[in-house]
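In our numbering, the protein residues as written are 1 to 631. Cβ coordinates follow ideal geometry from the N, Cα and C atoms, glycine included. Accompanying notes for the structure given below.
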């Protein structure tokens, strides 16, 4: 007999915050508690079946796995019990005393206080076990890990506020029993019909049978007998024919595997027979998870072999740029004792990976073709991650690029986006390159001095404002034979855009303003090169980087991340036809010339998004000029 060792512990701060938010923000979705608890019970059964592959004794003579749900209307309780893997004392403290998810603090920082908005975000985070407190004012968990002694059982109890108690108990059977002590206003859930309808609605797809008691007449003692009855189909959804499944079935299964309570954007259900025999059911979420940019977080598909659960988060079957894809892969060709290490060496994995990647990319291509509004919604959520593709998946580089969408200099706002196919189809006659500019924002890109000549010529320019864009273009380099050209880099070759008169005028400007260029070069000690521009029409000056140097946008991002950057070659181009430059050329007072040249240089830096090294000095120069004008 176990000697009880009860102790009271405090929840981690983030758990308290999440509990408070769920109870208040998810009230209108309170019935999801049953779905979440049944999903957890199903996962526990899957994990036992997997561990028992190596140690059959874990079944303890009972290999039939199930979830049993009972209720007591008078006591206002619901009990959810499984005979899965169970937990020991350390498991209970780790899983029920903390949020077992990375990035919880980041998630909480994104909450706004708006219940409607926050409930959507909580849905993407996944509510799991803690959803019990939406309907219960006390939750009791009794559990024992499979394979451990009966006296190692654990009882956990909490009112969902600041603390929980934990004590040792005797528990003859392995697995977990959760008892919800319902709030007075939630007594409706302690009802057979209500529970049955929720199980059918949310958990019909669970591969483990879910039982409810059913009256079966009177026994010899005159008491009404209760017999368990399976409520759900208890057949893995992905093994069922597509013709017998409804959209609602697919949507609820997605919520089961993802713990996201919003419907997915689309799904792909395929059975393949041939060299490889497998079934896949892949989902693309409607909303990006809060921790999408944590590349180290667990990700991947739920892997089954011959209907036997093997592992969560099998990351080998999809590349990192598709880390938002959720789903199930069930293979008949992999070994039942497969591990993460074996997967890395299995040749069949690469074949499966190629097939699944093609399936996802083809489905996205079809979505873009058939429903542009829905595809735009996808792109706004996951486009920036997709841009990692060309660097990670060379074989599908062009296919991935065709899925990209960009705002352009001809867009009416940053929401109006076009594909690279669209861009190429409407290139000007004789145009040989895909022109683009990287900047910190859409406004900065569309208003950049570098874009002036292209606007004048009616040449479309891609406006790239995502942090990965310059890195992405470096790996993409070309699309359908058209090379990419950053219009802020190097001495821009405009031979395919400029007519003969413009070329002659450019040479003339360079010749007639040699002295001005030299004077400015002598004054601007921070500038390596001053030259007459071929790309400016309306602005007096702009900054240019070398053809193979890092762009200003990327440089600023890396510097903001704490990277030490080497000194860059600084080139300033001037527009001699601009009145300000023409006035500067006429200035005879060298001190005043110097002040004006420094002002023009500072303005060129500001126009490209750079910060001034000495902003106070710039302000003083500007103030002095304004005072002179006011005299």
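Original post:
Does the segment 568-583 touch the segment 537-548, meaning 3 or more C-beta pairs lie closer than 8 Å?
Top reply: Segments in contact, yes.
Original post:
For the alpha helix (DSSP H) that residue 474 lies in, which residues bound it at each end?
Top reply: As a position in the chain shown, residue 474 is number 474, starting the count at 1. That run of the alpha helix (DSSP H) goes 469-476.
Original post:
So, using beta-carbon positions, are residue 85 and residue 44 closer together than 7 Å?
Top reply: For the purposes of this step, residue 85 is identified with residue 85 of the chain shown, where counting begins at 1. For the purposes of this step, residue 44 is identified with residue 44 of the chain shown, where counting begins at 1. Residue 44 is positioned such that its CB atom lies closer than 7 Å to that of residue 85.
**OP:** Indicate the three-state DSSP secondary structure (helix, strand or coil) for residue 442 in the structure shown.
**Re:** Here residue 442 corresponds to residue number 442 of the chain shown, with the count starting at 1. In the three-state scheme derived from DSSP, where H, G and I count as helix and E and B as strand, residue 442 is classed as helix.
Subject >> Three or more C-beta pairs below 8 Å linking the segment 46-61 and the segment 138-153 >> reply: Between the segment 46-61 and the segment 138-153 there are three or more inter-stretch CB-CB distances shorter than 8 Å, so the stretches are counted as touching.
Original post:
Tell me which same chain residues have a C-beta within less than 7 Å of the C-beta of residue 128, skipping the five on either side of it?
Top reply: Sequence index remark: in the chain shown, residue 128 carries index 128 (1-based). Around residue 128: 36, 40 and 259.
Subject >> Reference residue 189, options 227, 545 and 30, closest by Cα >> reply: For the purposes of this step, residue 189 is taken as residue 189 along the chain shown, with counting starting at 1. Out of 227, 545 and 30, 30 has the C-alpha closest to the C-alpha of residue 189.
Original post:
From residue 228 to residue 212, what does the alpha carbon distance come to, in whole angstroms?
Top reply: To locate residue 228, count along the chain shown from 1; it is residue 228. To locate residue 212, count along the chain shown from 1; it is residue 212. Roughly 5 Å separates the two Cα atoms.
Subject >> Per-residue DSSP class, three states only, for residue 242 >> reply: Counted from its first residue, the chain shown places residue 242 at position 242. Here residue 242 sits in helix by DSSP.
Subject >> For residue 624 and residue 617, the rounded distance between their alpha carbons >> reply: On the chain shown, position 617 is the one that residue 617 refers to. On the chain shown, position 624 is the one that residue 624 refers to. The alpha-carbon of residue 617 is positioned some 11 Å away from that of residue 624.
**OP:** Would you decide whether residue 122 is buried or exposed? Buried here means 16 or more other CB atoms lie within 10 Å of its CB.
**Re:** Taking the chain shown and counting its residues from 1, one reaches residue 122 at position 122. Reliability fails at residue 122, whose pLDDT of 48 lies under 50, so the model's placement of it is uncertain and the value that follows must be treated cautiously. Classification of residue 122: buried, given that the 10 Å Cβ count is 16 or more.
Original post:
Fully enclosed by the segment 255-293, which beta strand (DSSP E) runs are 3 residues long or longer?
Top reply: Unbroken beta strand (DSSP E) stretches of 3 residues or longer found wholly inside the segment 255-293: 266-272 and 278-284, given in chain order.
Subject >> Buried or exposed (CB count within 10 angstroms, at least 16 for buried), residue 614 >> reply: Walking along the chain shown from the start, residue 614 turns up at place 614. With fewer than 16 other beta carbons inside 10 angstroms of its own, residue 614 counts as exposed.
Subject >> Buried/exposed call for residue 627, threshold 16 Cβ in 10 Å >> reply: Here residue 627 corresponds to residue number 627 of the chain shown, with the count starting at 1. Around the beta carbon of residue 627, a 10 Å sphere encloses fewer than 16 other beta carbons of the protein chains shown; the residue is thus reported as exposed.
**OP:** Have a look at residue 439 and residue 509 and give me their C-alpha separation to the nearest angstrom.
**Re:** Along the chain shown, one-based indexing puts residue 439 at 439. Along the chain shown, one-based indexing puts residue 509 at 509. If you draw a straight line from the Cα of residue 439 to the Cα of residue 509, it is about 29 Å long.
**OP:** Check whether the segment 410-428 touches the segment 454-470, taking contact to mean three or more Cβ pairs, one atom from each stretch, closer than 8 Å.
**Re:** The segment 410-428 vs the segment 454-470: in contact.
**OP:** Compute the Euclidean distance between the alpha carbons of residue 195 and residue 300, then round it to the nearest angstrom.
**Re:** If you number the chain shown from 1, residue 195 lands on position 195. If you number the chain shown from 1, residue 300 lands on position 300. Each residue's Cα considered, the two are about 32 Å apart.
Original post:
Can you name the start and end residues of the alpha helix (DSSP H) that residue 183 belongs to?
Top reply: Counting from 1 along the chain shown, the entry for residue 183 is found at position 183. For residue 183, no alpha helix (DSSP H) run applies, since DSSP gives it neither H nor E.
Original post:
Roughly how many angstroms lie between the CA atoms of residue 394 and residue 379, to the nearest whole one?
Top reply: Translated into positions along the chain shown, residue 394 becomes position 394. Translated into positions along the chain shown, residue 379 becomes position 379. Approximately 21 Å between the Cα atoms of the pair.
Original post:
With 16 as the cutoff for other CB atoms within 10 Å, does residue 373 come out buried or exposed?
Top reply: In the chain shown, residue 373 corresponds to position 373, counting from 1. The residue is exposed, with fewer than 16 neighbouring Cβ atoms inside 10 Å.
Subject >> Backbone CA spacing between residue 172 and residue 209 [nearest angstrom] >> reply: Position 172 of the chain shown, counted from the first residue, corresponds to residue 172. Position 209 of the chain shown, counted from the first residue, corresponds to residue 209. Here the C-alpha atom of residue 172 lies approximately 22 Å from the C-alpha atom of residue 209.
Subject >> Three-state secondary structure (DSSP) of residue 513 >> reply: Sequence index remark: in the chain shown, residue 513 carries index 513 (1-based). When DSSP states are grouped into helix, strand and coil, residue 513 belongs to the coil group.
Original post:
Where does residue 138 sit, in a helix, a strand or coil, going by DSSP?
Top reply: By 1-based counting over the chain shown, the position of residue 138 is 138. For residue 138, the secondary structure class from DSSP, reduced to helix, strand or coil, is strand.
Subject >> residue 488 in three-state terms, based on DSSP >> reply: Residue numbering aside, residue 488 sits at position 488 when the chain shown is read from its first letter. When secondary structure is reduced to three states using DSSP, residue 488 falls in the coil class, being assigned neither helix nor strand.
Original post:
On the three-pair Cβ rule with 8 Å, is the segment 588-595 touching the segment 427-441?
Top reply: Cβ pair count under 8 Å is below three, so no.
Subject >> Buried or exposed (CB count within 10 angstroms, at least 16 for buried), residue 142 >> reply: Locating residue 142 in the chain shown gives position 142, where the first residue counts as 1. Residue 142 should be labelled buried.
Original post:
Do you know whose CA, among 471, 455 and 514, lies nearest residue 557's CA?
Top reply: Residue numbering aside, residue 557 sits at position 557 when the chain shown is read from its first letter. It is 471 whose Cα lies nearest to the Cα of residue 557.
Subject >> Beta-carbon gap between residue 286 and residue 303 smaller than 7 Å >> reply: Position 286 of the chain shown, counting from 1, holds the residue named residue 286. Position 303 of the chain shown, counting from 1, holds the residue named residue 303. Not closer than 7 Å, so no.
Original post:
What do you get for residue 295, buried or exposed, if any count of 16 or more other CB atoms within 10 angstroms of its CB means buried?
Top reply: In the chain shown, residue 295 corresponds to position 295, counting from 1. The residue in question, residue 295, is exposed, as its Cβ has fewer than 16 Cβ neighbours within 10 Å.
**OP:** Could you tell me if residue 525 is buried or exposed, where buried requires 16 or more neighbouring beta carbons within 10 angstroms of its beta carbon?
**Re:** On the chain shown, position 525 is the one that residue 525 refers to. Exposed is the call here.
Subject >> Proximity winner among 138, 473 and 466, relative to residue 19 (alpha-carbon distances) >> reply: Mapped onto the chain shown, residue 19 falls at position 19. Here the closest residue by C-alpha is 138.
Subject >> Environment of residue 5 [buried if 16+ CB atoms lie within 10 Å] >> reply: Residue 5 sits at position 5 when you count from the first residue of the chain shown. Residue environment analysis places residue 5 among the exposed positions, since fewer than 16 neighbouring C-beta atoms fall within 10 angstroms of its C-beta.
Subject >> Buried/exposed call for residue 125, threshold 16 Cβ in 10 Å >> reply: Along the chain shown, read from residue 1 onward, the residue named residue 125 stands at position 125. Any answer about residue 125 is weak, because its pLDDT of 49 lies below 50 and its placement is not dependable; what the coordinates show is given next. Buried, by the Cβ-count rule.
Original post:
Taking 6 Å as the cut-off, does the CB of residue 155 come closer than this to any heavy atom belonging to the ligand FMN?
Top reply: This structure simply doesn't include the ligand FMN, nor any ligand for that matter.
Subject >> Cβ-based neighbour list, residue 468, same chain, cut-off 8 Å, excluding 5 preceding and 5 following >> reply: Indexing the chain shown from 1 puts residue 468 at position 468. These residues qualify, in order along the chain: 384, 387 and 388.
**OP:** Pull up the distance between the alpha-carbon of residue 364 and that of residue 403, whole angstroms please.
**Re:** Position 364 of the chain shown, counting from 1, holds the residue named residue 364. Position 403 of the chain shown, counting from 1, holds the residue named residue 403. When rounded, the distance between both Cα atoms is 8 Å.
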